[in-house]
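Visitor: Residue 30 in the working numbering sits at position 27 of the sequence shown, and the numbers go up by one each step. Idealized CB from N, CA, C, for every residue including glycine. These numbers come from a predicted model, not from an experiment. Before we start, here is the structure in question, set down as structure tokens.
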Amino acid sequence: MLSIFASGDHDMTIPYIGTHEWIESLNLTIKFDWEPWFVDGQVAGYTMLYAYNELDYITYDLRFATVKGGGHTAPEYRPEQCLAMIDRWFDYFPL
């Protein structure tokens with residue numbers, strides 16, 4: 004199972020650091036630590052990938068991504084970047 008949580012890095016309603024701390028409290032294994040993701044050769048934000056594996060048959064990946072310059076409604080502020088992120092996620096492509 005795959006899941007994604009995305010936060011604009013300019014969101015003052017629910018700051019991305021709060022979402023990050025909540026995800027950290029789940030005690031998941033970090034598969035990939037902070038790394039940039041790109042749209043048209045420009046940094047669109049940063050992402051982490053967490054994994055959970057129980058008994059080798061219940062597995063899931065949780066991706067947390069920030070959207071550079073995005074506010075509380077990130078698609079309103081950064082539509083191109085958010086569309087690229089969701090398109091890649093639905094198609095199982097890396098950010």
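1. Whole-angstrom Cβ separation of D43 and A54, contact assumed at under 8 Å?
2. Let me check understanding here. Comparing Cα to Cα, which of A87, G74 and L31 lies closest to Y19?
3. Thinking C-alpha only, which one of F8, T50 and F41 is nearest T22?
4. Can you list, in chain order, the residues of its chain whose CB lies under 7 Å from that of T16, leaving out five sequence neighbours each side?
5. Can you check which of these residues, W37, T32, Y80 and G48, is closest to T62 by C-alpha distance?
Guide: On the basis of the supplied data:
1. In fact, because the Cβ distance is near 29 Å, the residues do not count as touching under 8 Å.
2. Of A87, G74 and L31, the residue nearest in Cα terms is G74.
3. Nearest to T22 by C-alpha distance, out of F8, T50 and F41, is F8.
4. The residues are H75.
5. Cα-wise, what sits closest to T62 is T32.
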